[in-house]
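K.L.:
Number of protein chains: 2
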Amino acid sequence: MNIKNRCAACKYLRKKCPLNCIFFPYFPPNDPQRFAFVHKIYGASNVAKTLQQLPVQLRGDAAECLYQEAKCRMSDPVYGCVAIISQLQHEINSAQSELAMVQADLSILRSTRVGTNYRWDTHV
Amino acid sequence: MNIKNRCAACKYLRKKCPLNCIFFPYFPPNDPQRFAFVHKIYGASNVAKTLQQLPVQLRGDAAECLYQEAKCRMSDPVYGCVAIISQLQHEINSAQSELAMVQADLSILRSTRVGTNYRWDTHV
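Shown next, in the form of structure tokens:
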């Protein structure tokens, strides 16, 4: 492969891009930041090792997830994507608490229902 | 520091543990797996760089989050902790859908309520 068609990784690392380059399918030259991020967080050799140990059909997903995690770590150097997990767990707890309260209301209403044909047992 | 009191990182890397070792407070010798995981996923020098760029009071949280993310990546080499984020987003969507349905039920009940003193407007 000539030097003009190097993937983002080989371009970043200033080396030739071999025909069987492990990075080429997942780090296209038109998105240099994608490789720069994973390189900064994991290092090129760790990314290569992670991809090489996987079946070809899973490497695209793995590269994307490594990129997403690296992006999180770049924007939040302390908590990385653990911050997102904490935030989502907080949202789940809120939604579940609200659900429990509304379900409790429905239970009370069930026991006090008078003169309606509404089906009470649809969702609770 | 003598060789018996090396932190898990210096022990793993088979080197002396200096007095100002960046790893020592966060990778105690009694938990060798903790360093082994972050070393495998990020490499020792990337972990050191991440810690060094942070104020001392945030390094403990950062080390813990790096460890959690590395543990996720070890157990799921394709999706890492992005798998947890996807799972949590799915749970939030389910909880929010269920909440919307129950709230819709309550709205219907509001419009059909007959002969009760229950306060309908508590949670919706």
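Keeping their order, the protein sequence lines are chains A and B.
Per UniProt numbering, residue 1 is the first one in the first sequence, and the count goes up by one each step.
Per UniProt numbering, residue 1 is the first one in the second sequence, and the count goes up by one each step.
No residue lacks a Cβ here, since even glycine has one placed at the ideal position from N, Cα and C.
#1: Less than 8 Å between the CB atoms is what I'm expecting for residue 63 of chain A and residue 29 of chain A, so what's the real figure, rounded?
#2: Give the straight-line distance between the Cα atoms of residue 75 of chain A and residue 81 of chain A, rounded to the nearest whole angstrom.
#3: Assuming contact is defined by CB atoms lying nearer than 9 Å, are residue 46 of chain A and residue 42 of chain B in contact in what I supplied?
#4: Between the stretch 42-65 of chain B and chain A, which residues of the former have CB atoms less than 7 Å from a CB of the latter, in chain order?
#5: What residues from chain A crowd round residue 85 of chain B, counting only those whose CB sits closer than 7 Å?
#6: Name the two residues that bound the continuous alpha helix (DSSP H) containing residue 58 of chain B.
#7: For a cutoff of 9 Å on Cβ pairs, would you count residue 33 of chain B as touching chain A?
#8: State the Cα-Cα distance for the pair residue 53 of chain B and residue 109 of chain A, rounded to the nearest angstrom.
#9: Would you grab the beta carbon distance between residue 125 of chain A and residue 24 of chain A for me? Rounded to a whole angstrom, and I think it's under 8 Å.
#10: Tell me whether the beta-carbon of residue 89 of chain B lies closer than 9 Å to the beta-carbon of residue 88 of chain A.
#11: Give the secondary structure of residue 105 of chain A by DSSP, where H, G and I count as helix, E and B as strand, and everything else as coil.
#12: Please state the DSSP three-state secondary structure of residue 28 of chain B.
#13: Can you say whether residue 14 of chain A is buried or exposed, counting buried as having 16 or more other CB atoms within 10 angstroms of its CB?
#14: Can you give me the Cβ contacts of residue 101 of chain A inside the same chain, cut-off strictly under 8 Å, excluding the 5 residues immediately before and after it?
#15: Near residue 35 of chain A, which residues of its chain fall below 6 Å by C-beta distance, leaving aside the five closest residues on each side in sequence?
#16: My assumption, with CB atoms under 8 Å, is that residue 21 of chain B sits in contact with residue 78 of chain A. Please give the rounded CB distance.
#17: What does residue 92 of chain B reach in chain A if we use C-beta pairs closer than 8 Å?
#18: Comparing C-alpha positions only, which one of B/55, B/48 and B/40 sits nearest to residue 48 of chain A?
#19: According to DSSP, is residue 37 of chain B part of a helix, a strand, or is it coil?
#20: Excluding five sequence neighbours on each side, which residues of the same chain lie with their C-beta closer than 8 Å to the C-beta of residue 67 of chain B?
#21: What is the residue span of the alpha helix (DSSP H) that residue 79 of chain B lies within?
#22: In the DSSP assignment, the alpha helix (DSSP H) including residue 51 of chain A goes from what residue to what residue?
#23: Anything in chain B within Cβ reach of residue 77 of chain A, meaning under 9 Å, just list it in chain order.
#24: Please tell me whether residue 73 of chain B has its Cβ less than 9 Å away from any Cβ of chain A.
#25: Given this structure, state the Cα-to-Cα distance separating residue 98 of chain B from residue 111 of chain B, to the nearest angstrom.
#26: Buried or exposed: where does residue 31 of chain B fall if 16 or more other Cβ atoms within 10 Å of its Cβ makes it buried?
P.N.:
Reading it off the structure:
#1: Going by Cβ atoms, the distance from residue 63 of chain A to residue 29 of chain A rounds to 15 Å, so no, they are not a contact pair.
#2: Cα to Cα, residue 75 of chain A sits roughly 9 Å from residue 81 of chain A.
#3: A contact, by the Cβ cut-off of 9 Å.
#4: Of all residues in the stretch 42-65 of chain B, only 42, 43, 46, 50, 53, 54, 58, 61, 62 and 65 place a beta-carbon less than 7 Å from a beta-carbon of chain A.
#5: Contacts between residue 85 of chain B and chain A, judged by CB atoms closer than 7 Å, involve 81, 84, 85 and 88 in chain order.
#6: Segment 56-75, the alpha helix (DSSP H) holding residue 58 of chain B.
#7: Chain A contact via Cβ: absent.
#8: It is roughly 57 Å from the alpha-carbon of residue 53 of chain B to the alpha-carbon of residue 109 of chain A.
#9: The structure shown does not extend to residue 125 of chain A, since chain A spans only 1 to 124, so no value can be given for it.
#10: Yes. Within cutoff.
#11: Residue state, collapsed to three classes: helix.
#12: Judged by DSSP in its simplified three-state form, residue 28 of chain B adopts coil rather than helix or strand.
#13: The residue in question, residue 14 of chain A, is exposed, as its Cβ has fewer than 16 Cβ neighbours within 10 Å.
#14: Correct list: empty, nothing qualifies.
#15: Residues of the same chain with a CB within less than 6 Å of the CB of residue 35 of chain A, apart from the 5 flanking positions on each side, are 8, 9, 12 and 27 in chain order.
#16: Between the beta-carbon of residue 21 of chain B and that of residue 78 of chain A there is about 20 Å, and that puts the pair past the 8 Å contact cut.
#17: Within chain A, 88, 91, 92 and 95 have C-beta atoms less than 8 Å from the C-beta of residue 92 of chain B, given in sequence order.
#18: Nearest C-alpha to residue 48 of chain A: B/40.
#19: Correct three-state label for residue 37 of chain B: helix.
#20: Cβ within range, chain order: 34, 37 and 38.
#21: It is not in any alpha helix (DSSP H) - residue 79 of chain B carries neither H nor E in the DSSP assignment.
#22: Element bounds for residue 51 of chain A: 44-52.
#23: Below the 9 Å Cβ cutoff, chain B contributes 50, 53, 54, 58 and 62 as neighbours of residue 77 of chain A, in chain order.
#24: At least one chain A Cβ lies under 9 Å of residue 73 of chain B.
#25: Distance from the CA atom of residue 98 of chain B to the CA atom of residue 111 of chain B, rounded to whole angstroms, is 20 Å.
#26: When all chains shown are included, residue 31 of chain B counts as exposed.
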